[in-house]
Every structure is written in C-alpha cells, then in structure tokens.
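To start, the structure under review is shown below, and the notes come after it.
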Amino acid sequence: FILFTARDFHQVFQVKTFLTVALHGMLIGFVPAFIAVLINYTVSLKRNLKEAMVYNQRLLKMLPVDNAINTEDEVCIPSNNKSETIKIIPTQLLYVKSEGNYIELYFEDESKIKKEVYRASIKTIEEALQKYSYIIRTHRCYLVNLQKVKNHKGNARNFQLYFDDSETMVPVSRNNFKSIQDWMGGF
C-alpha cells in the first residue's frame, strides 16, 4: 500500500510516511469497528430488555401485590388466651417469631415496625395464613412475609433475611433454604 501511494520511492522508507499510513489505517479501522460495537451493544440491550420484561411478567404472576388494604384482608385468629383475638393484616406483616408458648408479631404501621405478643403457637398462625403464598416458614421459630424482605446474605448454612430496618434479621434454616431460594428467584 505504501509503495503504491508514495509519490517518490524514497518516501516509502521514511518514518513520516509510515506514521501517516498507520494513522490513516487506524482512523479507517476505528470508524467501522466503533459502528459494529455500537450496533452489537444496541442489539444485545434490546434482547436483554425483552428477557427482563418476560421475567418481570413471571414475577408479577407469582407475586400478587395489592396496595389497597381492605377490611376483608384482616385475618382473625383465636389465641390460647380466651379473652383475645389475634388480628393480622397479611400485607402489613413483616414476620412472626415464636418464643415458647408465645408469638411475637412484627408488622409495619405508618412506616414504623411495631410488635405485639400473643399466647399462641406458630403452627396456628401458619395454618391461618396458608392461603397467602408470600408468607412462608423460614425456620422452626419464624414465619416471614417475603414481599417485605429487602436484602439477604449468607449461604445455605447461615442464610439471613433483612427488612427495611437493616438491624432486623430473620434466619433461614438449611431445610427451608431451597424453597426460599426458589421463591425469591434463585438469587
């Protein structure tokens, strides 16, 4: 190429000619390469966005989110203490913790975490809330509303779920790790 473009045979072996040809070669090569990379990026981005939309649709089908809280959503459960009834609104529930013959209900009320203690078994609460697929038993002492989980960390041996309040942690047992992992999309 240099031999054909040089006006004089002595110009062929000069550094200036070599640098000029190298610069033109890089400029000519850069433009098509840049366009090819840009087209590939755009095509990949569109394909990945379509896949993300499909996964989002699947998740929306699995996770029915109802922002409107009706009085029909309130679940009433008789406690072991005959004078009280446990009232739970599943969409506000964060988690339930069992402590011996007592349960502690943690729920969101006006962006604050509140706690109520009742005399009942976690098995009774689990049976009453079984129609809500997003409330799952994560440990022998815990029921969790997976819609309220904001973060998680650990592996199968010490997996933990976190809520808006980063100090609030709920453990997941090894027996329940796989079902939690499947429900949350494999993380």
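The numbering of the sequence shown is the working numbering, which starts it at 347 and goes up by one.
Note that the Cβ used here is the ideal one computed from N, Cα and C, for glycine as well.
As the structure is a computational prediction, the values presented were derived from the model and not from experiment.
Pick helix, strand or coil for P517, following the three-state DSSP scheme. strand
Rounded to whole angstroms, how far is the Cβ of V421 from the Cβ of A474, which I believe are closer than 8 Å? 6 Å
Where does N491 land, buried or exposed, given buried means 16+ other C-beta within 10 angstroms? buried
Classify S457 as buried or exposed, calling it buried when 16 or more other Cβ atoms lie within 10 Å of its own Cβ. exposed
Would V495 be called buried (16 or more neighbouring beta carbons within 10 Å of its own) or exposed? buried
When DSSP labels each residue in this structure, what does A437 get in the three-state scheme? The residue you asked about is not Ala; residue 437 is Thr in the sequence shown. Looking at T437 - three-state DSSP - the assignment turns out to be coil, as it is neither helix nor strand.
Inspect the beta-carbon positions of Y441 and V516 and report whether they are closer than 8 Å. yes
Indicate whether I481 and S444 have their beta-carbon atoms separated by less than 8 Å. no
How big is the Cα-Cα spacing for K477 and N501? 28 Å
Give me the Cα-Cα distance between P378 and D455, rounded to the nearest whole angstrom. 59 Å
By how many angstroms is the C-alpha of L405 removed from the C-alpha of G446? 36 Å
Starting from the Cα of E472, find the closest Cα among I385, L451, K524 and L373 and give me that residue. L451
On the DSSP bridge assignment, give the partners of Y448 in chain order. E445 and R465
Note down the Cα distance separating R520 from K499, rounded to an integer number of angstroms. 14 Å
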